[in-house]
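K.L.:
My questions will all concern the structure given below.
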Amino acid sequence: MGLDIHLITDNSEELSSIQNLNDYPDYFNHHSLSRTFCNLMSRKDVINAETELEQISRLTHTNISVLYDMEQYWDEEYADYRLSAAETEEEKKTIFEQMAANKEKLNGNIDTVLETIETLIKKLSHFGNLNGKLNSHGRDTLGYDYYFTDFDLDKGEGYIGNNFGQDLRNFRNFLEYAKANGAKTVWFNYG
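For the sequence shown, UniProt numbering assigns the number 1 to the initial residue and increments by one for each residue that follows.
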């Protein structure tokens, strides 16, 4: 078992109902992000230098801050945890203000996120293999020789064994599906 990353929208329950009604058999395999992508997003907490995502941002001249912003949405469980740790009413007020600001920053972000993912896919497809262009800082826990190679090839099963290219294409698939079904805001949830 390990930590997974999920894409959540302002209408996730509706999307789930639509998916169930349409019996979309490959929904999971075409819309899920791998555990390696989850670890990639978490590298900023492991590496005290330029992370792989930051290196990719620099190499492609693409602003990826929207991806980090997507981590700032607090689900109910995390909000309850933060509020339970508050010792004063002032601290609680600050937490509520931070939650509202984070939510407002993400509001209506799906087009910006989709544009960012599409830009990365377009630019990275010209790079070939990224593994030789990225610095792991001696901490390759992502499996560079697999994850950052064969960008245009779907190497995994949609969740297990994805490479970076497949994760980005699954990300795009999810965003397009969600947007076509009325989603306006998207964020990450870890679990």
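Every residue, glycine too, gets a C-beta built ideally from N, C-alpha and C.
Closer than 8 Å by C-beta to Gly182: which residues in its own chain qualify, once you throw out the five before and the five after it? Chain order, please.
P.N.:
On the sequence shown, residue 182 is found 182 positions in, with the first residue counted as 1. So the list reads Asn11, Glu14, once near-sequence residues are dropped.
K.L.:
Ser32: buried (16+ other C-beta within 10 angstroms of its C-beta) or exposed?
P.N.:
For the purposes of this step, residue 32 is taken as the residue at position 32 of the sequence shown. Buried: at least 16 other Cβ atoms inside 10 Å.
K.L.:
Go ahead and pull the three-state DSSP assignment for Asn63.
P.N.:
Numbered from its first residue, the sequence shown carries residue 63 at position 63. Coil, per DSSP.
K.L.:
Please say whether Asn39 and Leu134 have beta carbons closer to each other than 8 Å?
P.N.:
Along the sequence shown, read from residue 1 onward, the residue named residue 134 stands at position 134. Along the sequence shown, read from residue 1 onward, the residue named residue 39 stands at position 39. It is not a contact, given that the beta carbons lie outside the stated cut-off.
K.L.:
Using three-state DSSP, classify Val186 as helix, strand or coil.
P.N.:
Counting from one through the sequence shown, the residue named residue 186 turns up at place 186. Three-state DSSP puts Val186 in a strand.
K.L.:
Kindly provide the ranges of any alpha helix (DSSP H) runs that are 4 or more residues long and lie completely inside the stretch 91-149, ordered along the chain.
P.N.:
Within the stretch 91-149, the complete alpha helix (DSSP H) runs of at least 4 residues are 110-124, 144-147.
K.L.:
So, does the stretch 56-68 touch the stretch 86-99, judging by three or more C-beta pairs under 8 Å?
P.N.:
Because the criterion of three Cβ pairs below 8 Å is not met, the stretch 56-68 and the stretch 86-99 do not touch.
K.L.:
Under 8 Å: do the stretch 65-78 and the stretch 113-120 share three or more Cβ pairs, one atom per stretch?
P.N.:
Output reads yes: the stretch 113-120 touches the stretch 65-78.
K.L.:
Would the stretch 155-173 count as touching the stretch 81-95 if we require 3 or more Cβ pairs under 8 Å?
P.N.:
They do not touch, by the three-pair rule.
K.L.:
Leaving out five residues on either side along the sequence, give the residues of the same chain with a beta carbon under 6 Å from the beta carbon of Leu130.
P.N.:
Along the sequence shown, one-based indexing puts residue 130 at 130. For Leu130, where only same-chain residues beyond five positions count, the Cβ hits under 6 Å are Phe148.
K.L.:
Can you tell me where the beta strand (DSSP E) holding Leu7 begins and where it ends?
P.N.:
As a working mapping, residue 7 is identified with position 7 in the sequence shown. First-last of the beta strand (DSSP E) with Leu7: 5-9.
K.L.:
Using alpha carbons as the reference points, say which of Asp4, Lys122, Arg139 lies closest to Phe151.
P.N.:
The residue given as residue 151 occupies position 151 in the sequence shown. When each option's Cα is compared against that of Phe151, the closest is Lys122.
K.L.:
When you compare the stretch 169-189 with the stretch 2-10, are there three or more beta-carbon pairs, one atom per stretch, that lie closer than 8 Å?
P.N.:
Yes, the stretch 169-189 touches the stretch 2-10.
K.L.:
Return the chain-ordered list of same chain residues with a C-beta closer than 8 Å to the C-beta of Ile18, the five sequence neighbours on each side being excluded.
P.N.:
Walking along the sequence shown from the start, residue 18 turns up at place 18. Excluding positions up to five away in sequence, the list reads Asn181.
K.L.:
Just mark Asp186 as buried or exposed, buried being the case when its beta carbon has 16 or more other beta carbons within 10 Å.
P.N.:
Position 186 of the sequence shown, counted from the first residue, corresponds to residue 186. The identity of residue 186 in the sequence shown is Val, whereas the question assumes Asp. Val186 is buried by the Cβ-count criterion.
K.L.:
Given a cut-off of 8 Å, decide if Glu52 and Phe188 are closer than it, judged by their beta-carbon atoms.
P.N.:
Along the sequence shown, one-based indexing puts residue 188 at 188. Along the sequence shown, one-based indexing puts residue 52 at 52. No; because the gap between Cβ atoms is not below 8 Å, this pair is not in contact.
K.L.:
Rounded to a whole number of angstroms, what is the C-alpha to C-alpha distance between Asp145 and Thr119?
P.N.:
The residue you call residue 145 lines up with position 145 of the sequence shown. The residue you call residue 119 lines up with position 119 of the sequence shown. Cα to Cα, the separation comes out at about 23 Å.
K.L.:
Which stretch, first to last residue, makes up the alpha helix (DSSP H) that contains Gln166?
P.N.:
Here the question's residue 166 lines up with position 166 in the sequence shown. Element bounds for Gln166: 164-180.
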